[in-house]
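Following: one structure in structure tokens, then a few remarks.
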Amino acid sequence: MSLVGSTQASFVAPSYELVSSDLDSGADSFSTPRCLSGSSSRKLALNGSLRPANPPAPPANIYSIIVAVASSVNDQAEYLQGVEGDLAFVFDELGGRATDPIRVITDVRGWNNREQVLSPSLQSVEASIEEVGRSLKPGDLCYIYIGGHAEMESGETSFMPLPNGERLRGNVLASWLEAAAAGGGRIIAIVDVCHSSAFLKMASVYDIKPDGVLYCTTTRGKEDNGSKGEVIIISSTLCGQLALTIEIPNGKNAGRHGFFTWVLFKHLRGLLVHEWASEGFDGTDTTVSSTAGLPQRQQADAGKLLKALRAECARHTETKNLCPQLSATREGLQELPIGQLPAKAH
52 MSLVGSTQAS FVAPSYELVS SDLDSGADSF STPRCLSGSS SRKLALNGSL
102 RPANPPAPPA NIYSIIVAVA SSVNDQAEYL QGVEGDLAFV FDELGGRATD
152 PIRVITDVRG WNNREQVLSP SLQSVEASIE EVGRSLKPGD LCYIYIGGHA
202 EMESGETSFM PLPNGERLRG NVLASWLEAA AAGGGRIIAI VDVCHSSAFL
252 KMASVYDIKP DGVLYCTTTR GKEDNGSKGE VIIISSTLCG QLALTIEIPN
302 GKNAGRHGFF TWVLFKHLRG LLVHEWASEG FDGTDTTVSS TAGLPQRQQA
352 DAGKLLKALR AECARHTETK NLCPQLSATR EGLQELPIGQ LPAKAH
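To convert a position in the sequence shown, counted from 1, into my numbering, add 51.
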């Protein structure tokens, strides 16, 4: 899972998740990989001062799917507390942006009796993606969040073990996403697992130059296979890197969270709630009073977002080697449609 918090943060020992509290507010613990647990402590601070590009019209329809797997086997010793904490947090963030009921696939405790919640299995993941794909049209957007444990299968590929013993392989998941986007629309997959770029990566891989310019480093040939849509992957780690978990000590979302998940959504909210970086909004204050009356941006500069995520990792000893990655089915990526701000912040 992931490692950083919003105002205060603490890291936990290597495990499936690392724990850290709200960055910069005074928490003291960072976790290690999303696997088991450990302990250590330190603070982190978020800086969300990114300037969004002038947006086109907002997406016509916004769909959301959450795949949050807290255990790979029926063994509570391997239950990922960070995934549990992220589920409620991500549900609020993505559910608030969606125009369609959010679909949840999880084994997190206390969620199995809710509507629209399915148990993790290959069938439930594939069926949910196919269902959205049948509705996805040009101009539409779908978020899919994937949090849990991933294991290396070879030197370059990894898989997510499911509680029922099945293995969700990244190349299979990628094919489902590409098929769902074929009729139009865009799918943004947010992946917070260990070895995430080995788990799920699209053909065109992006990097940033020292001056912040986004460029395509690798592409597996032309992607013009008749698809009218696009799949974009925002991943937390490179192959061989463990995702970290953090401890957020206070507030509605107090508890353990994935570092990457926490930082990404805090930055996205910062992009949405301020008009220009020059206005001084730093992305850490998400109260209604700080966002009231500000215009809501629909697009994020992809290069600035990737640079900001990597800069946040570099700021902390526990996460300094982590390298979030951006890939897509097409070359020429410049902006990310990030949808509406959750209603609670309007």
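The beta carbon of each residue, even a glycine, is placed where N, CA and C say it ideally should be.
DSSP three-state assignment for residue i, whether helix, strand or coil
i, result
"residue 149", "coil"
"residue 291", "coil"
"residue 319", "helix"
"residue 376", "strand"
"residue 369", "helix"
"residue 269", "strand"
"residue 240", "strand"
"residue 325", "Low confidence applies to residue 325: its pLDDT is 40, below 50, so where it sits in the model is not reliable, and the reading given next is rough at best. Residue 325 falls in the coil class under three-state DSSP."
"residue 384", "coil"
"residue 298", "strand"
"residue 213", "coil"
"residue 168", "strand"
"residue 207", "coil"
"residue 258", "strand"
Cβ neighbour criterion (16 or more within 10 Å) applied to residue i
i, result
"residue 160", "exposed"
"residue 93", "With a pLDDT of 32 at residue 93, under the threshold of 50, the modelled position of this residue cannot be trusted; read the value that follows with caution. Buried: at least 16 other Cβ atoms inside 10 Å."
"residue 362", "exposed"
"residue 262", "exposed"
"residue 320", "buried"
"residue 266", "exposed"
"residue 376", "buried"
"residue 388", "buried"
"residue 264", "exposed"
"residue 382", "exposed"
"residue 379", "buried"
"residue 369", "buried"
"residue 226", "exposed"
"residue 297", "buried"
"residue 171", "buried"
"residue 268", "exposed"
"residue 292", "buried"
First and last residue of the uninterrupted beta strand (DSSP E) at residue i
i, result
"residue 309", "306-309"
"residue 226", "Here residue 226 belongs to no beta strand (DSSP E); instead the alpha helix (DSSP H) covers 221-232."
"residue 253", "Looking at the DSSP string, residue 253 is not in any beta strand (DSSP E), and its letter there is neither H nor E."
"residue 192", "192-198"
"residue 389", "Premise fails: residue 389 is in no beta strand (DSSP E) and is neither H nor E."
"residue 281", "281-286"
"residue 119", "113-119"
"residue 154", "154-157"
For residue i, the first and last residue of its enclosing alpha helix (DSSP H)
i, result
"residue 354", "353-365"
"residue 184", "173-186"
"residue 248", "247-250"
Cβ-Cβ distance between residue i and residue j below 7 Å
i, j, result
"residue 258", "residue 287", "no"
"residue 246", "residue 203", "yes"
"residue 209", "residue 142", "no"
"residue 196", "residue 117", "yes"
Nearest to residue i (by Cα), restricted to the options the options
i, options, result
"residue 130", "218, 303, 213", "213"
"residue 138", "360, 313, 251", "313"
"residue 135", "306, 216, 144", "306"
"residue 280", "238, 157, 290", "238"
"residue 270", "164, 374, 384, 356", "384"
"residue 157", "123, 192, 189, 205", "123"
"residue 351", "165, 318, 372, 366", "318"
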